[in-house]
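Sequential numbering from 87 applies to the sequence shown in this note's numbering. Each remark here refers to the structure printed beneath this line.
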Amino acid sequence: YLLRALPAVARRVATSADAYDYLAESILDWPDQDELAVWFREAGLEQVRHRNLSGGIVALHRGVVTDAEASGR
Numbered sequence: 087y088l089l090r091a092l093p094a095v096a097r098r099v100a101t102s103a104d105a106y107d108y109l110a111e112s113i114l115d116w117p118d119q120d121e122l123a124v125w126f127r128e129a130g131l132e133q134v135r136h137r138n139l140s141g142g143i144v145a146l147h148r149g150v151v152t153d154a155e156a157s158g159r
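This is the structure in structure tokens:
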């Protein structure tokens, strides 16, 4: 869908079809929920969680910066 249907529709209806090519590529390059959670932990956040919304199309991530971590910055 992202690489075939979206660009084809965009070329017919959008003023900038290139923007939709970029959108498809950026969606594919974005990490999945578990990988993004790893990035959060590597950045020092704790209690990292995510919740899928809209059937997983969107995910809400959260993490907590501890007082010790915050005071070190």
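All residues carry an ideal CB built from backbone N, CA and C; glycine is no exception.
Opposing strand residues paired with residue i [DSSP bridges]
i    : result
R135 : R148
Helix, strand or coil at residue i according to DSSP, with G and I counted as helix
i    : result
D118 : coil
S102 : coil
I143 : coil
R97  : helix
R127 : helix
Residue i vs residue j beta-carbon contact at 9 angstroms
i    : j    : result
N122 : V151 : What sits at residue 122 in the sequence shown is Leu, not Asn. No.
R135 : G149 : yes
Whole-Å CB distance - residue i paired with residue j, under 8 angstroms assumed
i    : j   : result
Y108 : A96 : Y108 to A96, Cβ: 10 angstroms. No contact.
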